Every structure is written in structure tokens, then in C-alpha cells.
Amino acid sequence: MNYIEVFAIAFALSMDAFSVSFGVGCKFNTLRHYFRLAFHFGLFQFMMPLIGAYIGTVLKNYVAGLNYFAAVILFFIGYKMVKDGIKDEGDHCYASDPTRGFSLVYLSIATSLDALGVGLTLAVGNNNIFLSSLIIGIVCAVFSIFGVYFGSLSRKFFGDKMEILGGVVLIIIGIKFLVV
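Just so we're aligned, residue -5 is where the sequence shown starts under our numbering, counting upward by one.
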């Protein structure tokens, strides 16, 4: 996997964090909110691929055809993102501050679970897993900042439509795993 693909994956994975940050930014958009979301979402998006890659490395020795397994994971994650992006759930603003305590940890885990699966696919390729995870974490942190900013400007300008684009990117990379 080359670094253009890693950036594409980072972009795709950042859509959940962007959407959540967008919703938070509708109401909570002080500098503290920007920092909390960017730091936590970026950190979790960095850690999850490392954990997934470790699991993938262990499985690589036991499972033949792991690239097909990786493609299925990317297809599933991409499909889920497209489906969730199409589904309209109304207002995406949060009523209470979700950037504190357990709510923030929960959101950080929820927005980074896809990265765990992507980490499994990173183990298939011969790339620098740490650097790839770092890129994913940094891109996610930046997208979280943009999410809060755009959420503070408009409640519905982007919303779930960005998640659809992220899902399509993952599906395309999954197809590449099957072709190569």
C-alpha cells in the first residue's frame, strides 16, 4: 500500500470524526472543544490501526488469503459508512457537552472502531504501520478541527454526506486488494 492510499484511508476514516465534531460544533465550539475532540479523536485513530495491525500480523501466519479478508473488511466498513451517510437522522447537534469524561472516551472509541479493521489490512501490505497510523491520527485530528469549525457555521451544510464519500473511498481500496 502506498502513501497516497494511506492518505485516502485516513481521509475516509476521518469522516466519522468529522461528522461527530460537526454535530458537537453546532453548540460547543470554544478552543477547549476544538482541542479535546482533535486530541482524543486523533489519538484513538492513531492507536486503533496499530492494535489492528498487531492482530493482523498474528493472523497473517495462520490465515491464508488474508488480502481477501482485508478486502471484505474494507467493503464492510465502506458499505456501513455509505449506508449511515444516506440515512437521515434529523438534527445532529448535541444538547449536552460530549467533550467531557466518559462521553468523550465513548465517542473516541466509536469513531475509531473502523480504524481497528483498517489496521488489519495494514498488516497485509509491507508498509510502515507506525507511520501509516500516525498519518491517520493526524488527518483525523485535522478533520475534527474542521468539523467543529463547520459545525459552528452551519448545522446541515455537510453532515452525513461526507461519510458517504469516505465509505466510497474504502470500497475502492477494498477492490484494489482483490485485483492486486
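Backbone N, C-alpha and C define an ideal beta-carbon position, used for all residues, glycine too. Owing to the predicted nature of the structure, the values given are computational and were not obtained by experimental measurement.
Item: Straight-line Cα distance separating Gly19 from Arg26; Value: 11 Å
Item: Closest residue to Ile103 among Ala4, Ala11, Ala2, Tyr(-3) (Cα-Cα distance); Value: Ala11
Item: C-beta contact flag for Leu31 and Gly141 at 9 Å; Value: yes
Item: Chain-order list of residues whose beta-carbon lies under 6 Å from that of Ala4 (same chain, five-residue window excluded); Value: Ile129, Ile130, Val133
Item: Outcome for Ile(-2) when other beta-carbon atoms lying within 10 angstroms are tallied against a minimum of 16; Value: exposed
Item: Close beta carbons around Phe124, own chain, < 8 Å, minus the five adjacent residues each side; Value: Leu44
Item: Helix, strand or coil at Cys134 [DSSP, three-state]; Value: helix
Item: Start-to-end residues for the alpha helix (DSSP H) that takes in Phe38; Value: 25 to 54
Item: 6 Å Cβ shell around Ser8 - same chain, five flanking residues per side excluded; Value: Val133, Cys134, Phe137
Item: CB contact check: Ala2 to chain C, cutoff 9 Å; Value: The structure shown contains no chain C; it holds only a single protein chain.
Item: Cβ pair Ile165, Phe22 closer than 9 Å; Value: no
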